[in-house]
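>
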Amino acid sequence: MASQQQPQPTTPVKVFVYGTLKKGLANHQHKMQPERYPNCTLLSAHAKTLNPFPLIIAGERHVPYLMDFEGKGHQVMGEVYEVRDEGHLEELDQFEGCDVGHYRRVLIDILVQQSSDSNDVVVVEKCYAYMRNKQEGDDELLKEKEMIPCFTEEHDRNYSRASEHVG
């Protein structure tokens, strides 16, 4: 009987999530929930971008977009996950529409709050974040939409999932 080949472990990567993938929000259970994805671990629920970026909510589905205009907007709040499976990272890329040009995965600096006994320690970590690809009309979009520091449960209630994101 032939032995089954085990998938080779990959180097863990850190992923910063700022929108519907955060714990308790619309897409968390479908892509980030550790009980469902054991190779995905929440490292810090208290994190924010080192530098300001525009985070806006746009479109009929009220989608949160982190836009690649570093220095504009706010330090964006979110969560940091460690993803230890290349297949899961590819699944996140597909979920975010990297394959069709909606977003791209970019390394940025994140301030991560870690608890050390009773003291909070903040460290800067390089993490992947999904940035909306630049498009014609972005300057106008930034002028007309409010830039927010945090995508909240209230924002999430207005969000509607794309049919291809169900399941």
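Counted from 1, the sequence shown has number 51 at position 51 by the UniProt record's numbering; the numbering is strictly sequential. Even glycine gets a Cβ: it sits at the ideal position worked out from N, Cα and C.
Looking only at its chain, what residues have a beta carbon closer than 7 Å to the beta carbon of ASN158, apart from the 5 residues adjacent to it on each side?
Taking the sequence shown and counting its residues from 1, the one referred to as residue 158 is at position 158. Within the same chain, ASN158 has close Cβ partners HIS62.
> How many whole angstroms separate the CB atoms of ILE56 and MET67, which I take to be in contact at a CB cut-off of 8 Å?
Taking the sequence shown and counting its residues from 1, the one referred to as residue 56 is at position 56. Taking the sequence shown and counting its residues from 1, the one referred to as residue 67 is at position 67. That belief holds up - the Cβ atoms of ILE56 and MET67 are roughly 7 Å apart, short of 8 Å.
> Are there 16 or more other CB atoms within 10 angstroms of the CB of THR11, so buried, or fewer, so exposed?
Against the sequence shown, residue 11 aligns to sequence position 11. Exposed.
> Hey, is the segment 127 to 140 in contact with the segment 94 to 104, meaning 3+ C-beta pairs nearer than 8 Å?
The segment 127 to 140, when compared against the segment 94 to 104, does touch it at the 8 Å Cβ threshold.
> Quick check on GLY78: does DSSP put it in helix, strand or coil?
Residue mapping note: residue 78 aligns to position 78 of the sequence shown, counting from 1. Three-state DSSP puts GLY78 in a strand.
> Quick check: does the Cβ of LYS143 come within less than 7 Å of any heavy atom belonging to the ligand FAD?
Although the ligand FAD was asked about, the structure shown includes no ligands whatsoever.
> VAL121: which of MET32, GLU70, ARG36, HIS46 sits nearest, CA to CA?
On the sequence shown, position 121 is the one that residue 121 refers to. Nearest of MET32, GLU70, ARG36, HIS46 to VAL121, Cα basis: HIS46.
> Who are the near neighbours of GLN113 in its chain, counting only those whose CB is closer than 7 Å to its CB and skipping five residues on each side?
As a position in the sequence shown, residue 113 is number 113, starting the count at 1. Counting only Cβ-Cβ distances below 7 Å, and skipping sequence neighbours, we find SER44, HIS46, ALA47, ASP120, VAL122.
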